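Okay, structure first, notes after.
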Amino acid sequence: MNKPSFSSIPPELMAKVADDVVADLDATTPDPATRQSQIVSLTHICGRWREQLVNNRKYWTAIFIQTVGSLKDLIARSRNATLTIAGSLDDNDGGNDVEDRRKDNKEKLGVVMG
1 MNKPSFSSIP PELMAKVADD VVADLDATTP DPATRQSQIV SLTHICGRWR EQLVNNRKYW
61 TAIFIQTVGS LKDLIARSRN ATLTIAGSLD DNDGGNDVED RRKDNKEKLG VVMG
């Protein structure tokens, strides 16, 4: 007897499962960084999960930015949806003073946001 494989699950069922998982995250995870991290973790399950999640803008309308580099990807995933953006670009690495880091991040954001 052949066991059912994950690849045989219809896309509609995968979408429903993804919707339910993300709805549960929205209800139980008030921290936007944790919520986003857990959604990104779901994209690592397999290629089909990644495709389902990355290509659906509704999962990327509330984004948390930690680096300017990640911002481009997150905005692209939102596919022109209205966004709620939270985050901090000030990492205290002991390097430049706070004002220099803010200026650098502002310049980087200007490039990303165009």
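Residue numbers 1 to 114, in UniProt numbering, belong to the letters of the sequence shown in order.
Glycine included, each C-beta is placed from N, C-alpha and C at the ideal position.
The structure displayed is predicted, hence computed values, not measured ones.
Listed as beta-bridge partners of alanine 62 by DSSP are Thr84. In the three-state reduction of the DSSP assignment, serine 78 falls in the helix class.
In the displayed model, lysine 16 falls within a helix according to three-state DSSP. Pairing aspartate 19 with arginine 77, the inter-Cα distance amounts to about 16 Å. With contacts defined as CB atoms closer than 9 Å, alanine 62 and alanine 27 fail to qualify as a contacting pair. Annotation: isoleucine 39 to asparagine 2 spans about 31 Å, alpha carbon to alpha carbon.
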